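What follows is a single structure, written as structure tokens, with notes after it.
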Amino acid sequence: ELGPPTGPCATCNLPGCDATVWFDQDTGRVHDFCSKAHANTAIARGLWDPSNRGRQGHRNPAAHCSLPGCTAARFVDETTGRRHDYCGKTHALKAKEQGLRPLSDGLLGADNGYSKVWSGRQGEPDYAISLMSNASVNYSNVKRQFWEGWVHPGSKPTVMRVYEIKNPTPVYQSYKNYIAELERDGTDVAASKKRRFHGTSMDPKCRFGIDQTQPPCTSESCAVCCIAARGFDLSLSKRGPGAQAWGGGLRYGSGHYYSKASSKSNDYAYASERQGKATGGSAPDGTSAVAQFRCVFMCTVILGTSLNATQSHLSEDQLKPVLKPRLLDGAYGLHDSVTGLTTDDGGALNYEENVVYDDCCAIPSYLIVYRMP
């Protein structure tokens, strides 16, 4: 976690006070004064505007220091005219400690509606995961699809935040190569490209996404952070929540499972659940209210030519005459994926499932954090 702020932005702005400014650990916001009393005193003396947005550059978010919570202007070297990413060296170092990427970095800048950008794991192909604001281009669409996809009975959850994932180059290139392969075979890729949800587990110690001050973890047992950093890994599919729910087996064989029903993916996200402070309100005994939070991925999935399965299960022997040879040893079929149909569509499932059998068939695009009802 970020500690108390230090450096040029750290001293209370009331003249004569050398105390450290107030830092809100929950939101990551660095305030201008050490306390509300000193803020009010400065305003009463005419030393500070009731809102300091103009002074701090809020009207131009791209000019902000890239350390979350600091709204000071980025440092400009008067000799060269270069505008740096941070207000000073102290905040540049703090950002590095947190694995944060500058907001001005390429297409991931503050002017595109991102408030934090984390960089990839050390020694691994670079990726980025960015905390979106409601000003981000796709934020509303992602939130709406999650909401509309929650079809289980009962109350719906509240979306707390959405992260956008920029996949590492090797993962994205494999995905593009797969698309090119299907196109050469005459597949209508555009029609088979779907946004689908995927629920999985987190390392017990990881709070990324749930706690917005925490960076992605590096634990090999954290499926959420590993998928964000490396994409999907078919060799681990039998260790996921779906396989555990079926006693080590999987409904339609060893593959990656997705659903257009966010509430179905939520069933497999139970191991991502964390307790945190509820936004506003208090418990009946007067203490701070707590809530349960989970996260699921929204992924871009290429189904290709999909078999519409009416059965509730297909064994490996049943899949061999269905799937293309490259997807399963001994297979000799013509299909790239399996879609488990619902009872309403003539199938056996309550909620539709999509299964692909190669890592390159899907990429994680967003991570959605939500508060359980």
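Going left to right, the sequence shown walks through residues 50 to 422 as our numbering numbers them. Positions of the beta carbon are idealized from the N, C-alpha and C atoms, including for glycine. No experiment lies behind these values; they were computed from the predicted model shown.
**Asked** In terms of residue numbering, what span does the alpha helix (DSSP H) encompassing residue 197 cover?
**Response** Translated into the one-based positions of the sequence shown, residue 197 becomes position 148. Element bounds for residue 197: 188–197.
**Prompt:** Taking the continuous beta strand (DSSP E) assigned at residue 402, which residues delimit it?
**Reply:** Numbered from 1 along the sequence shown, position 353 holds the residue referred to as residue 402. Per DSSP, residue 402 belongs to the beta strand (DSSP E) from 402–405.
**Message:** DSSP three-state label for residue 215, please.
**Reply:** Residue numbering aside, residue 215 sits at position 166 when the sequence shown is read from its first letter. Three-state DSSP puts residue 215 in a strand.
**Request:** Would you identify the three-state DSSP class for residue 202, choosing helix, strand or coil?
**Result:** In the sequence shown, the residue the question calls residue 202 occupies position 153. DSSP, read as helix, strand or coil, puts residue 202 in coil.
**Prompt:** Based on the DSSP secondary-structure assignment, which residues constitute the bridge partners of residue 389?
**Reply:** The count along the sequence shown starts at 1 and reaches residue 389 at position 340. Bridge partners of residue 389 according to DSSP: 358, 402.
**Message:** Within 10 Å of its beta-carbon, does residue 374 have 16 or more other beta-carbons around it, so buried, or fewer, so exposed?
**Reply:** Translated into positions along the sequence shown, residue 374 becomes position 325. It is exposed - the Cβ of residue 374 has fewer than 16 other Cβ atoms within 10 Å.
**Request:** Output yes or no for whether 7 angstroms exceeds the beta carbon distance between residue 383 and residue 389.
**Result:** Counting from one through the sequence shown, the residue named residue 383 turns up at place 334. Counting from one through the sequence shown, the residue named residue 389 turns up at place 340. Contact flag unset, no.
**Asked** Beta-carbon separation of residue 345 and residue 210 under 7 angstroms?
**Response** Counted from its first residue, the sequence shown places residue 345 at position 296. Counted from its first residue, the sequence shown places residue 210 at position 161. No.
**Item:** Continuous alpha helix (DSSP H) stretch holding residue 133: start and end
**Value:** Along the sequence shown, read from residue 1 onward, the residue named residue 133 stands at position 84. Run containing residue 133: none; DSSP gives neither H nor E here.
**Asked** Which word fits residue 79, buried or exposed, when buried means at least 16 other C-beta atoms lie within 10 angstroms of its C-beta?
**Response** Mapped onto the sequence shown, residue 79 falls at position 30. With 16 or more other CB atoms across the displayed protein chains lying within 10 angstroms of its CB, residue 79 is buried.
**Request:** In the DSSP assignment, find the unbroken alpha helix (DSSP H) run with residue 138 in it and report its ends.
**Result:** The sequence position of residue 138 within the sequence shown is 89, counting from 1. That run of the alpha helix (DSSP H) goes 138–146.
**Message:** Looking at the secondary structure, which residues open and close the beta strand (DSSP E) in which residue 93 lies?
**Reply:** Taking the sequence shown and counting its residues from 1, one reaches residue 93 at position 44. Annotation: residue 93 is outside any beta strand (DSSP E); the continuous alpha helix (DSSP H) that includes it extends over 85–93.
**Request:** Select from 205, 236, 256 the residue whose C-alpha is nearest the C-alpha of residue 352.
**Result:** Numbered from 1 along the sequence shown, position 303 holds the residue referred to as residue 352. It is 236.
**Member of 262, 324, 59 whose CA lies at the smallest distance from the CA of residue 149** = Taking the sequence shown and counting its residues from 1, the one referred to as residue 149 is at position 100. Of the candidates 262, 324, 59, the residue whose Cα lies closest to the Cα of residue 149 is 262.
**Request:** Report, in whole angstroms, the separation of the C-beta atoms of residue 420 and residue 342, which I expect to be a contact under 8 angstroms.
**Result:** On the sequence shown, position 371 is the one that residue 420 refers to. On the sequence shown, position 293 is the one that residue 342 refers to. That pair is a contact at about 5 angstroms.
**Message:** Classify residue 96: buried if its beta carbon has 16 or more other beta carbons within 10 angstroms, exposed otherwise.
**Reply:** As a working mapping, residue 96 is identified with position 47 in the sequence shown. Burial call: exposed.
**Request:** Please confirm whether residue 277 and residue 249 have their CB atoms less than 7 angstroms apart.
**Result:** In the sequence shown, the residue the question calls residue 277 occupies position 228. In the sequence shown, the residue the question calls residue 249 occupies position 200. No, the pair does not count as a contact, with Cβ atoms beyond the cut-off.
**Cβ pair residue 252, residue 275 closer than 7 angstroms** = The residue you call residue 252 lines up with position 203 of the sequence shown. The residue you call residue 275 lines up with position 226 of the sequence shown. No, the pair does not count as a contact, with Cβ atoms beyond the cut-off.
**Prompt:** What span of residues does the beta strand (DSSP E) with residue 35 cover, start to end?
**Reply:** Residue numbering for the chain in the displayed model covers 50 to 422; residue 35 lies beyond these limits and cannot be assessed.
**Message:** Using the Cβ count rule (16 or more neighbours within 10 Å means buried), how would you classify residue 91?
**Reply:** As a working mapping, residue 91 is identified with position 42 in the sequence shown. Residue 91 is buried by the Cβ-count criterion.
**Message:** Quick check on the DSSP output: the alpha helix (DSSP H) that includes residue 150 runs from which residue to which?
**Reply:** Locating residue 150 in the sequence shown gives position 101, counting from the first residue. For residue 150, there is no enclosing alpha helix (DSSP H), as DSSP gives it neither H nor E.
**Item:** Runs of alpha helix (DSSP H) wholly within the stretch 226–299 (minimum 4 residues, chain order)
**Value:** Assignment of alpha helix (DSSP H) within the stretch 226–299, counting only whole runs of 4 or more residues, yields 238–241, 272–279, 290–294 in chain order.
**Asked** For residue 375, which three-state DSSP category applies?
**Response** By one-based count along the sequence shown, residue 375 stands at place 326. It is helical.
**Message:** For residue 312, report the span of its alpha helix (DSSP H) as first-last.
**Reply:** For the purposes of this step, residue 312 is taken as residue 263 along the sequence shown, with counting starting at 1. For residue 312, the enclosing alpha helix (DSSP H) has its first and last residue at 311–315.
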